[in-house]
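Colleague: So the sequence shown is numbered by our numbering: it starts at 2 and just counts up by one. Just so you know, even glycine gets a beta-carbon here, dropped at the ideal spot from N, CA and C. The structure presented is a predicted model; accordingly, all values stated were derived computationally and were not measured.
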Amino acid sequence: MDHFTGEEVGMADATEPGPIDYLVVELPDGTTSLTDVMCAELTGLVDGGTVRVLDLLIVRRDDSGAVAVTELEEIGDPGLDALRGSVAEILALEDIENVAAAVAPGRSAVVIIWEYLCARRFACAAASSGARLVAQGRIPTQAIVATLEADDH
Numbered sequence: 002m003d004h005f006t007g008e009e010v011g012m013a014d015a016t017e018p019g020p021i022d023y024l025v026v027e028l029p030d031g032t033t034s035l036t037d038v039m040c041a042e043l044t045g046l047v048d049g050g051t052v053r054v055l056d057l058l059i060v061r062r063d064d065s066g067a068v069a070v071t072e073l074e075e076i077g078d079p080g081l082d083a084l085r086g087s088v089a090e091i092l093a094l095e096d097i098e099n100v101a102a103a104v105a106p107g108r109s110a111v112v113i114i115w116e117y118l119c120a121r122r123f124a125c126a127a128a129s130s131g132a133r134l135v136a137q138g139r140i141p142t143q144a145i146v147a148t149l150e151a152d153d154h
């Protein structure tokens with residue numbers, strides 16, 4: 002069986018995006034940037050062609066509730082060097098304010114917006130066939146776990 006490579010639908014010229022998601026990860030107390038393990042995993046996902054990072058920033062909320070934002074270009078971690086210059090910086094001020102409201106005072110969180118490139122190939126194949134995406138969504142992990150646990154009983 003031949004595998005789909007993307008060339009069949011002109012992937013180089015494709016404009017169909019894959020699913021785009023966000024993650025907000027509150028960092029351990031006292032941590033103000035991604036850990037080495039997090040950097041290694043993220044760059045591995047990017048290098049492996051699984052995801053494309055569209056935006057990444059750190060939101061810090063001090064004990065009084067004041068918010069500071071550090072963009073990717075300002076994060077001094079060399080583990081993120083491969084991502085610099087490639088992000089689109091798509092988060093708006095309102096998005097950042099919503100994230101900051103979820104971060105506990107005195108803590109920091111990393112915010113990542115990424116596109117799933119593995120699903121992009123299917124989206125391109127569908128578009129080249131004349132199909133169109135009419136809906137997409139994300140099922141919260143907690144809902145899946147609850148359903149699986151209910152099925153076990």
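1. Residues in its own chain within less than 7 Å of L58 by CB, not counting five upstream and five downstream?
2. Classify L57 as helix, strand or coil using the three-state DSSP reduction.
3. With 16 other CB atoms within 10 Å as the buried threshold, where does G45 fall?
4. Quick one: what's A1 bridged to in DSSP?
5. Which value, in whole angstroms, describes the spacing of the CA atoms of L118 and A105?
6. Assuming S109 contacts T33 under a Cβ cut-off of 8 Å, what Cβ separation, rounded to an integer in Å, is found between them?
7. Taking 8 Å as the threshold (C-beta atoms), are A128 and E17 in contact?
Modeller: Based on what the coordinates show:
1. V70, T71, E72, L73, L92 and V112
2. strand
3. exposed
4. Since the first residue shown for the chain is 2 and the last is 154, residue 1 is missing from the structure and cannot be characterised.
5. Distance between the alpha carbons of L118 and A105: 32 Å.
6. 5 Å
7. yes
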